[in-house]
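Scroll down for the structure; my scribbles are underneath it.
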Amino acid sequence: MATHRGPVGVEAIGDFNALIDARSPSEYALDHIPGAVNHPVLNDEERARVGTIYKQKSAFEARRIGAGLVAGNLARHWEASFIHKPESWRPLVYCWRGGLRSGSMVTWLRMTGWDAQQLKGGYKAFRRHVVEQLPRLIDGLRLVVLCGQTGTAKTRILQAMAQQGAQVLDLEGLARHKGSMLGAWPGQPQPSQKQFETALYTELQKFDLSKPVYTESESARIGTISVPLELVSHLRASTDLVEIDASPEARLDFLLRDYAYLGDDRAGFSAILGKFTQLQGKETVARWQAWAQEGNLPELFAELMARHYDPQYKRSLGRNFGQWDRRRTVTADTLSEAGIVALAGKVLETVG
């Protein structure tokens with residue numbers, strides 16, 4: 056027999072065996088509680104229609120029209136997704152504020168006999184919880200920061216370290232961007248800011264704070280994503296800095312592999328290079344764009360390193376890392392796949 060009670064708080068999310076997001080698909084896509092499945096009681100078009108009726112006519116008219124739409128959607132969800140759930144199924148349902156949308160689904164699920172509950176305050180309560188908890192979680196981290204010039208395979212080394220059992224915070228992976236002006240992932244949009252922060256919160260909760268957490272030196276922005284200022288400050292104040300030192304030849308070889316996809320769209324790559332005009336001048340950028348159009352990536356990446364990324368890296372060191380003189384250096388003889396795995400091990404040995 057179902058046990059009914061009032062709405063439950065964010066702290067009880069883990070007590071349920073299912074999370075249902077009753078909001079519209081666009082709201083769900085912007086951000087949602089990790090693990091939640093979207094079963095909208097109103098789709099985007101229906102929600103807009105009901106909202107317009109509410110503003111232009113009356114609350115009763117909006118509820119009258121909305122009730123029929125909700126009933127039809129609930130019936131479809133029941134038939135497609137809920138019909139075979141066991142009596143022990145305990146879903147937690149939320150909408151934007153913990154109001155009518157999730158309330159109607161909870162009432163309907165309880166009528167079937169399931170112990171469905173409503174999240175108090177809805178998604179807004181979860182979002183407020185994330186914003187409040189992020190600074191506390193960040194403050195507890197012992198960050199070991201991996202530094203190095205462009206092309207030293209820092210992200211790949213971090214990924215190899217994770218495979219070797221280290222706790223790794225891959226900010227570029229969470230942001231779906233490599234961090235530079237050329238860093239957009241092919242065919243993959245970045246998450247929303249809220250989605251990034253939810254993913255960051257979820258990752259931080261997993262860490263054992265008695266052990267180091269390895270991450271990469273990052274600026275305050277990764278593509279369109281803003282890294283929380285508390286994390287940027289904590290990262291730059293770290294006394295555990297490890298610099299990867301590799302030759303220009305090894306770095307160029309790695310960049311040509313890691314960014315090979317840019318050569319697949321030469322016109323698009325040329326357009327991206329136009330973003331460097333203000334910093335490098337029209338003449339230099341025109342040469343780079345010509346190389347991009349020709350597919351001459353070796354000369355292009357060599358100049359990008361020498362004229363843009365390396366000087367930028369040197370300028371940022373003293374400005375961003377107060378403990379830079381205390382860094383430890385790991386030398387990379389090669390940045391091949393096997394070399395990256397070996398480097399990951401050397402970093403872990405160096406930190407101890």
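Heads up: the sequence shown begins at 56 in this note's numbering, then just goes up one per residue. Glycine included, every Cβ here is placed at the ideal spot set by N, Cα and C. Predicted model, so just to flag it, every value in this text is computed and none were measured.
Residue i classed as buried or exposed, judged by whether at least 16 other C-beta atoms fall within 10 angstroms
i	result
residue 297	buried
residue 138	exposed
residue 267	buried
residue 56	At residue 56 the pLDDT is 44, less than 50, meaning the model places this residue with poor confidence; the figure from the coordinates comes in the next sentence. Residue 56 comes out exposed.
residue 70	exposed
residue 272	buried
residue 199	buried
residue 353	exposed
residue 186	exposed
residue 105	buried
For residue i: DSSP bridge partner residues
i	result
residue 386	300
residue 149	76
residue 173	148
residue 269	199 and 223
residue 232	239
residue 295	199
Under the three-state DSSP convention, the category residue i falls into
i	result
residue 277	strand
residue 75	strand
residue 194	helix
residue 263	coil
residue 217	helix
residue 320	coil
residue 56	Any reading at residue 56 needs caution, since the residue's pLDDT is 44, under 50, leaving its predicted position unreliable; the model's value is listed next. Three-state result, residue 56: coil.
residue 396	helix
residue 63	strand
residue 188	helix
residue 314	coil
residue 402	helix
residue 287	helix
Contact under 9 Å by Cβ, residue i with residue j
i	j	result
residue 161	residue 125	no
residue 262	residue 222	yes
residue 215	residue 395	yes
residue 309	residue 208	yes
residue 211	residue 170	no
residue 313	residue 206	yes
residue 350	residue 318	yes
residue 303	residue 361	yes
residue 253	residue 94	no
residue 387	residue 300	yes
Closer than 9 Å to chain C by CB, residue i
i	result
residue 282	Annotation note: the requested chain C is absent from the structure, which comprises a single protein chain.
**OP:** Please specify which runs of the alpha helix (DSSP H), each continuous and at least 4 residues long, are wholly inside the region 82–152, giving them in chain order.
**Re:** Fully enclosed alpha helix (DSSP H) runs of 4 or longer: 99–111 and 114–132.
**OP:** For the region 324–389, list the beta strand (DSSP E) runs that are entirely contained and at least 3 residues long, ordered along the chain.
**Re:** Qualifying beta strand (DSSP E) stretches, in chain order: 383–387.
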